[in-house]
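Letter by letter, the sequence shown follows residues 11 to 70 of our numbering.
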Amino acid sequence: QRFNLRLVNLNGQTQQIDYIDAFQGQINHQMNIPNVTAGMYFLEISNESGNRMVRKVMVK
């Protein structure tokens, strides 16, 4: 099952989109985000069934 990863800023704008093919409770995935400034973002993980999880993350 494919999972979509979205990095969203505090204004609700999507900054980066990436994909992973497997997710088993823990993600060890590095995203190349050259155009994103440091700060607080939301990481949204969703699957093809419409399930969604959102976590606050800090980009350094």
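The C-beta atom is built at its ideal place from N, Cα and C for all residues, glycine as well.
For residue i, write down the residues that DSSP places opposite it in a beta bridge.
| i | result |
| --- | --- |
| N45 | Its beta-bridge partners do not exist; DSSP assigns none. |
| Q28 | Reading off the sequence, residue 28 comes out as Asp, not Gln. D28 is bridged to L15. |
| S56 | N14 and R62 |
Does the beta carbon of residue i fall short of 7 Å from some heavy atom of the ligand SAM?
| i | result |
| --- | --- |
| V69 | As for the ligand SAM, it is missing from this structure, which has no ligand bound. |
State the Cα-Cα distance for the pair residue i and residue j, rounded to the nearest angstrom.
| i | j | result |
| --- | --- | --- |
| T47 | L15 | 18 Å |
| D31 | Y51 | 23 Å |
| N61 | N19 | 20 Å |
| E58 | V69 | 26 Å |
Can you tell me whether residue i is helix, strand or coil according to DSSP?
| i | result |
| --- | --- |
| K66 | strand |
Going by alpha carbons, who is nearest to residue i out of the options?
| i | options | result |
| --- | --- | --- |
| L17 | P44, A32 and Q11 | P44 |
| Y29 | K70, S56, V64 and V69 | S56 |
| N42 | K66, Q25 and R12 | Q25 |
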